[in-house]
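According to the numbering used here, the sequence shown is numbered sequentially starting from 59. Notes follow the structure.
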Amino acid sequence: MEFTISKLEANQRIDKYIKRMLKDAPISFIYKMFRQKDIKVNGKKANIDYILKENDEIKIYLKDDLLQQFKKEQVLKPIKANFTILYEDENIIVVDKPKGVLVHDDEGHNSITMQKMVLSYLNKKGEWDPNNETGFIPSPAHRLDRNTAGVLLFGKNLPALQQLFELFREKDKIEKKYTLLVRGMINKSGVIDAPLLKDSETKLVKVDKKSKFAKNALTEYKRLKYYDSGYSLVEAKLLTGRTHQLRVHFAYISHPIVGDNKYGDFKVNKEFASLYSLNSQFLHATYFKFLENVDGVLSYLKGKSFVSKLTEKEMKILEGIS
């Protein structure tokens, strides 16, 4: 089996590339192929951590019967694309994620997810084939909680996805804003600086200023409106991206997010569930922007921003508390 690495396939580890190609091959078998020199790059033995370059010539020495066994035909079940597309080009797709949908399967659950919907959409358009030679799968560049709606970005090819991962990791070339409803009159603006620690057993996150394992977490916010009924509409900007960061941070400063069943005020939550059928946090990923210093394959998106409007249910809640 011989093939040449294209520009879109470059800059990834060869073992991950082979694993994508041979989807049903055990990882131990793939590592054995490397040890036995059954995988070569440009005529030479390939190291398992080799980073592929454009025009690299790859040879895989594998019997035809094993090749067929490890490259079984993948059948993609069509799924209705229940989302709004905010932007799309040849590299990325930006969708408005509905509330109540997972971004991708969590712990093996066979759910309908945003990734499955996007893959079905791209497959129907003829832009992605689950049986393509490269094995690349368009994927989300970040996560949103199941019950958080809003702006969600996907990479449609490897270079774009890799750069999105880098942008979300380093955060100095993008801007993300969330809109949330909290209990009480919060300050007009402020910064929450409180390190977070996740409990591996309970999956809950807490502020911990003593543990060496806690990760620094910064949230910047401003109050958009105060309601006399005792609630504040807030715009929050993530300066770091920790699990449940906004939910824990606002609970920490005694302004928990309305509807948050893990870190919120349960009396308030009960009231909003009764009045507005709100059974999850009032938290919406409303804004994303590529800043002017974006470079690389996505440099053409400098200054580009995307907005997700509050849902009809969220707007009705704000009307109800006015």
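Where a beta carbon is used, it is the ideal one built from N, C-alpha and C, also for glycine. Since the structure is predicted, the reported quantities are computational estimates derived from the model, not experimental observations.
**Report entry** Minimum length 3: unbroken beta strand (DSSP E) runs contained in the stretch 306–379
**Finding:** 341–348 and 363–365
Query raised in the report: Taking the alpha-carbon positions, what's the Tyr119 to Asn105 distance?
Result: Numbered from 1 along the sequence shown, position 61 holds the residue referred to as residue 119. Numbered from 1 along the sequence shown, position 47 holds the residue referred to as residue 105. In a straight line, the C-alpha of Tyr119 is about 15 angstroms away from that of Asn105.
Query raised in the report: To the nearest angstrom, how far is it from the Cα of Phe324 to the Cα of Asn337?
Result: Taking the first residue of the sequence shown as position 1, residue 324 is located at position 266. Taking the first residue of the sequence shown as position 1, residue 337 is located at position 279. One C-alpha to the other measures close to 11 angstroms.
Query - Other residues of its chain near Tyr345: CB distance less than 6 angstroms, five sequence neighbours each side excluded - result: Mapped onto the sequence shown, residue 345 falls at position 287. Hits under 6 angstroms: Lys235 and Val365.
Query raised in the report: Cα-Cα, which of Lys111, Lys117, Phe340 and Asp203 is closest to Lys374?
Result: Residue mapping note: residue 374 aligns to position 316 of the sequence shown, counting from 1. The shortest C-alpha separation from Lys374 is found at Phe340.
Query raised in the report: Alpha carbon to alpha carbon, what distance is there between Tyr179 and Lys362?
Result: Against the sequence shown, residue 362 aligns to sequence position 304. Against the sequence shown, residue 179 aligns to sequence position 121. If you take the alpha carbons of Lys362 and Tyr179, they lie about 23 angstroms apart.
Requested in this report: Following the continuous beta strand (DSSP E) through Phe61, name the residue where it begins and the one where it ends.
Outcome: Position 3 of the sequence shown, counted from the start, is the residue given in the question as residue 61. That run of the beta strand (DSSP E) goes Glu60 to Thr62.
Query raised in the report: First and last residue of the alpha helix (DSSP H) that includes Glu67?
Result: By one-based count along the sequence shown, residue 67 stands at place 9. Counting along the chain, Glu67 falls outside any alpha helix (DSSP H), and DSSP gives it neither H nor E.
Report task. Please state if the CB of Met175 and the CB of Ile137 are separated by a distance shorter than 8 angstroms. Result -> As a first step, residue 137 is located in the sequence shown; it is residue number 79 there, counting from the start. As a first step, residue 175 is located in the sequence shown; it is residue number 117 there, counting from the start. Contact: yes.
Requested in this report: Determine the DSSP secondary structure at Val176, reduced to helix, strand or coil.
Outcome: Within the sequence shown, the letter at position 118 stands for residue 176. Three-state result, Val176: helix.
**Report entry** Validate contact between the stretch 292–306 and the stretch 260–279 using beta carbons, cut 8 angstroms, 3 pairs
**Finding:** yes
Report task. Please confirm whether Gly213 and Lys155 have their CB atoms less than 8 angstroms apart. Result -> Here residue 213 corresponds to residue number 155 of the sequence shown, with the count starting at 1. Here residue 155 corresponds to residue number 97 of the sequence shown, with the count starting at 1. In this structure, Lys155 does not lie closer than 8 angstroms to Gly213 by Cβ.
Query raised in the report: When we look at the beta-carbon of Phe348 and count the other beta-carbons within 10 Å, is it buried (16 or more) or exposed?
Result: The residue you call residue 348 lines up with position 290 of the sequence shown. That one is buried.
Requested in this report: Compute the Euclidean distance between the alpha carbons of Met59 and Glu370, then round it to the nearest angstrom.
Outcome: For the purposes of this step, residue 59 is taken as residue 1 along the sequence shown, with counting starting at 1. For the purposes of this step, residue 370 is taken as residue 312 along the sequence shown, with counting starting at 1. For Met59 and Glu370, the distance between alpha carbons rounds to 54 angstroms.
Query raised in the report: Hey, quick one: how far does the beta strand (DSSP E) through Ser169 stretch, first residue to last?
Result: Position 111 of the sequence shown holds residue 169. Taken as a continuous stretch (DSSP letters only), Ser169 belongs to no beta strand (DSSP E), as it is neither H nor E.
Requested in this report: State the Cα-Cα distance for the pair Asn205 and Pro84, rounded to the nearest angstrom.
Outcome: As a working mapping, residue 205 is identified with position 147 in the sequence shown. As a working mapping, residue 84 is identified with position 26 in the sequence shown. Straight-line Cα distance between these residues: approximately 35 angstroms.
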